[in-house]
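Asker:
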Amino acid sequence: MNLHSQPELGARLVAMVRSSSSLMAALRVVRSLGLNSWCIGAGAVRSLVWDALHGYERPSAIEDVDVVYFDDAADGPGQDADLERRLREAMPALRWEVTNQATVHDWFANFGQVVPPVRSLEEGVGTWPEFATCVGVNLNDEESIGVVAPHGLDDLFELLVRHNPLRASAATYRQRVQSKRFGERWPLLSIEEC
171 MNLHSQPELG
181 ARLVAMVRSS
191 SSLMAALRVV
201 RSLGLNSWCI
211 GAGAVRSLVW
221 DALHGYERPS
231 AIEDVDVVYF
241 DDAADGPGQD
251 ADLERRLREA
261 MPALRWEVTN
271 QATVHDWFAN
281 FGQVVPPVRS
291 LEEGVGTWPE
301 FATCVGVNLN
311 DEESIGVVAP
321 HGLDDLFELL
331 VRHNPLRASA
341 ATYRQRVQSK
351 RFGERWPLLS
361 IEEC
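Counting in the working numbering, the sequence shown runs from 171 upward without gaps.
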C-alpha cells in the first residue's frame, strides 16, 4: 500500500499497533526470525482496529496469529512448520500460523483448485477473503512499523466487510462471516451480502 495515498489511516493503524503491547511483542518475535518479506496480518490486525473503533476496553481474544512471508526459494511446508515451532518456543501463549505466500498455490492444488502463484507478499495478502482482512503489519530493526494493505485501509476503518473475489468463493466468504461471528462480535459493522 502506498501510505502517501492514505496517510491518516496508516498513521492511525500504526498508533493502534504501538498501543498493543501483545502485538508489539509478537512483531518483535517474528522479526527475530530474519525473514525478508513478512507481516502479521488478518485477524490480529482486523480485531485490533475493530475493537478500538467499537470502544472496547479489553481486546478480543485472538484465535491465532497469522504470520505470512514471501520466499520463492523456500524448502516447502517444512520451513513453515519450523518457523511455527520457533515462534511457539519464543511465545508459547500464542497459537501461531505461518504461511509462505509463494507456496499457497500448492496448498490449493491439494484440494483440486488451480490458482496462479503470487509474485510478492503484497499480492498474497491481497487475495484474502475480505478486503478489510487484507492488511498486515511488520516491524523493522529500527522499530518502525510497516503496513501491507494492497487494497488500502478504507474498508477496515469504515467497518465494512466485503467479499474479495480474487481467490475466495462467495460460499467461503459467507461461511467465514458466520463462523467468525463478525456481526455478533462487532455490531457496528456493515456486512455486504454475497
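The beta-carbon is built from N, C-alpha and C at its ideal position, and this holds for glycine as well.
#1: Based on Cα-Cα distance, which residue from GLU178, GLN176, ARG188, PRO177 lies nearest to ASN308?
#2: Would you be able to state if there are at least three C-beta pairs under 8 angstroms between the stretch 260-273 and the stretch 223-242?
#3: Is there contact between the stretch 326-337 and the stretch 239-257, where contact requires at least three CB pairs shorter than 8 angstroms?
#4: Quick one: grab the DSSP three-state call for LEU330.
#5: Just the Cα atoms here: how many angstroms apart are HIS321 and GLN348?
#6: How long is the line joining the alpha carbons of LEU179 and VAL305, rounded to whole angstroms?
#7: If GLY294 and VAL238 are in contact, beta carbons under 8 angstroms, what's the gap, nearest whole angstrom?
#8: Would you list the residues sitting across from GLY316 in a DSSP beta bridge?
#9: What's the call for ARG228, buried or exposed, on a 16-neighbour Cβ count within 10 Å?
#10: Looking at PHE240 and GLN271, is the spacing between their C-beta atoms short of 8 angstroms?
#11: Taking VAL288 and VAL274 to be in contact with their CB atoms under 8 angstroms, please state how far apart those CB atoms are, rounded to whole angstroms.
#12: If you draw a straight line from the alpha carbon of ARG256 to that of THR297, how long is it in whole angstroms?
#13: Where ASN206 and THR269 are concerned, what is the direct C-alpha to C-alpha distance, given to the nearest angstrom?
#14: Check the DSSP bridge columns for VAL295 and list the partner residues they point to.
Answerer: So, from the data block:
#1: Counted from its first residue, the sequence shown places residue 308 at position 138. Nearest option by C-alpha distance: ARG188.
#2: Yes: the two stretches touch, three or more of their Cβ pairs being nearer than 8 angstroms.
#3: Result no; under three Cβ-Cβ pairs closer than 8 angstroms.
#4: Along the sequence shown, one-based indexing puts residue 330 at 160. Note: LEU330 maps to strand in three-state DSSP.
#5: Indexing the sequence shown from 1 puts residue 321 at position 151. Indexing the sequence shown from 1 puts residue 348 at position 178. Using only the alpha carbons, I get a separation of about 23 angstroms.
#6: The count along the sequence shown starts at 1 and reaches residue 179 at position 9. The count along the sequence shown starts at 1 and reaches residue 305 at position 135. Approximately 12 angstroms between the Cα atoms of the pair.
#7: Within the sequence shown, numbered from 1, the residue matching residue 294 stands at position 124. Within the sequence shown, numbered from 1, the residue matching residue 238 stands at position 68. Their Cβ separation, rounded to whole angstroms, is 6 angstroms, which keeps GLY294 and VAL238 in contact under 8 angstroms.
#8: Translated into the one-based positions of the sequence shown, residue 316 becomes position 146. In DSSP, GLY316 forms a bridge with ASN308.
#9: On the sequence shown, residue 228 is found 58 positions in, with the first residue counted as 1. Counting of Cβ neighbours within 10 angstroms places ARG228 among the exposed residues, the total staying below 16.
#10: As a first step, residue 271 is located in the sequence shown; it is residue number 101 there, counting from the start. As a first step, residue 240 is located in the sequence shown; it is residue number 70 there, counting from the start. Result yes, Cβ atoms of GLN271 and PHE240 sit closer than 8 angstroms.
#11: In the sequence shown, the residue the question calls residue 288 occupies position 118. In the sequence shown, the residue the question calls residue 274 occupies position 104. Contact flag correct, Cβ pair sits at about 7 angstroms.
#12: To locate residue 256, count along the sequence shown from 1; it is residue 86. To locate residue 297, count along the sequence shown from 1; it is residue 127. For ARG256 and THR297, the gap between their C-alpha atoms comes out near 27 angstroms.
#13: Locating residue 206 in the sequence shown gives position 36, counting from the first residue. Locating residue 269 in the sequence shown gives position 99, counting from the first residue. For ASN206 and THR269, the distance between alpha carbons rounds to 14 angstroms.
#14: Against the sequence shown, residue 295 aligns to sequence position 125. Paired residue(s): none; VAL295 is not in a bridge.
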